[in-house]
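In what follows, a single structure is set out as C-alpha cells and then discussed.
In this note's numbering, the protein residues as written are 7 to 288.
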C-alpha cells in the first residue's frame, strides 16, 4: 500500500493564470496569449510592433487644413481668369467650379479649349482626370465612415487636397476634422475667387501675359511632390511628365493628359517583369 502511494503519479497542478514560464500574469485575457493585461509584446511574428500614432490636437488639424484650403482656394482666381480667356462666360466659369470642383480637370478643360481643342476631347480629358476622385472616395469611405445621409454631400469635396489632409491624420476624428475644414474652406474660396477672376479678366487685359494659368498646376505639383516617396512613384511621375510634354506639340489639346496616364501601368508592368526575373534567378 505504501509502495502504491509512493509510486502513484501526482495530479498535474493547473497553470491557471501562469504561462509557460511559470510566472503569473503571462496569459491574461485582455493582453492576448503570452501577455498580461497591461504589457504589450515587443515583437509579433519576429517583427516589431509599430508604435501607435501620436495624438494630434483639433486645433493643429484645423490650422493645417486651413493652410491648405486657403493656399489652394486662392488659385481659383487663376482659373476664373483662364476660363474667361478661353471664351467661357462668367456663368459658365462659376458653374464649372460649383459643380465640377476639381481644379486639375477644370484647368485641363479650359486649357484644351483655349488651345483650340475639340470640346468633346477636352471634356474627355477632364473626365479621365476626375476619375481618380472615385478611387479617393473608396479609401475615404473606409477612413471617415460618415453617416449615410452625409455621404452624397461629402462626395463633392473628395479631391486631391481633402484626401491628402485626411490621410495624413492619425485618428478617424482628426481625419474627419481635416477633411471637413479643408473641403469647406477650399470650396468657398475656390468659388469666390473663380467669380472674382472671371469678372476681373477684362480689367487684366491679356491674361496670357500674366501667366496665371500656371498657378493651378504649380499648386498641384507642390502637393504632389511630398507624396513621391518611393522609386516607383517617382518613376511614374517622371514618365508622365515626359509623355505629356512630348506629345503636347503633336496631339490635340487634352489628349496628352490621357497619354500621360499610361505612365502608371507601364511602370508597374516593368517593375513586375523585373521582380519575376529576380525570382527566377534565385
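Quick reminder that beta carbons are idealized off the backbone N, C-alpha and C, glycines included.
Quick caveat, the model's predicted, so the values are computed rather than measured.
1) Please give the ranges of any alpha helix (DSSP H) in the segment 58 to 112, keeping only runs that are unbroken, at least 4 residues long and fully inside the region.
2) Tell me which residues share the same chain as residue 68 and place their Cβ nearer than 7 angstroms to its Cβ, disregarding the 5 neighbours each side in the sequence.
3) To which residues of the same chain is residue 189 closer than 7 angstroms at the C-beta, ignoring the five residues directly before and after it?
4) Would residue 277 and residue 236 qualify as a contact pair, given that the criterion is a beta-carbon distance under 8 angstroms?
5) Using only the alpha-carbon positions, how far apart do residue 180 and residue 152 sit?
6) Can you tell me the Cα-Cα spacing of residue 113 and residue 283, whole angstroms?
7) Hey, could you find the ends of the alpha helix (DSSP H) residue 158 is sitting in?
8) When the Cα atoms are used, what is the spatial distance from residue 171 to residue 287?
9) Would a C-beta distance cut-off of 8 angstroms place residue 80 and residue 199 closer than the cut-off?
10) Start and end of the alpha helix (DSSP H) containing residue 163?
11) Would residue 136 and residue 108 qualify as a contact pair, given that the criterion is a beta-carbon distance under 8 angstroms?
12) Output needed for residue 233: all residues of its chain with C-beta closer than 6 angstroms, excluding positions within five of it in sequence on either side, in chain order.
13) What residues in its chain sit with their C-beta under 7 angstroms from that of residue 342, if we drop five residues either side in the sequence?
14) Where residue 143 and residue 258 are concerned, what is the direct C-alpha to C-alpha distance, given to the nearest angstrom?
15) The ligand MN and residue 124: does the residue's C-beta get closer than 7 angstroms to at least one heavy atom of that ligand?
16) When the Cα atoms are used, what is the spatial distance from residue 140 to residue 147?
17) Counting along the chain, where does the alpha helix (DSSP H) carrying residue 283 start and finish?
The short version:
1) The segment 58 to 112 contains, as complete alpha helix (DSSP H) runs of 4+ residues, the segments 64 to 79, 82 to 91, 96 to 101 (chain order).
2) Around residue 68, the same chain offers 183, 187 as residues with beta carbons nearer than 7 angstroms, after the five sequence neighbours per side are excluded.
3) Once the five neighbours on either side are set aside, the close Cβ partners of residue 189 are 163, 168.
4) Not closer than 8 angstroms, so no.
5) Cα to Cα, residue 180 sits roughly 13 angstroms from residue 152.
6) Taking the Cα positions, residue 113 is about 42 angstroms away from residue 283.
7) 157 to 160 is the span of the alpha helix (DSSP H), which, as asked, contains residue 158.
8) The straight-line gap from Cα to Cα measures roughly 42 angstroms.
9) Contact: yes.
10) Note, residue 163: premise wrong, no alpha helix (DSSP H); not H, not E.
11) Yes. Within cutoff.
12) There are no such residues.
13) This structure cannot speak to residue 342, because the chain is shown only from 7 to 288.
14) CA-CA distance, residue 143 to residue 258, rounds to 30 angstroms.
15) With respect to the ligand MN, the structure offers nothing, as it holds no ligand at all.
16) Taking the straight line joining both Cα atoms gives about 11 angstroms.
17) Residue 283: member of the alpha helix (DSSP H) spanning 269 to 287, first to last residue.
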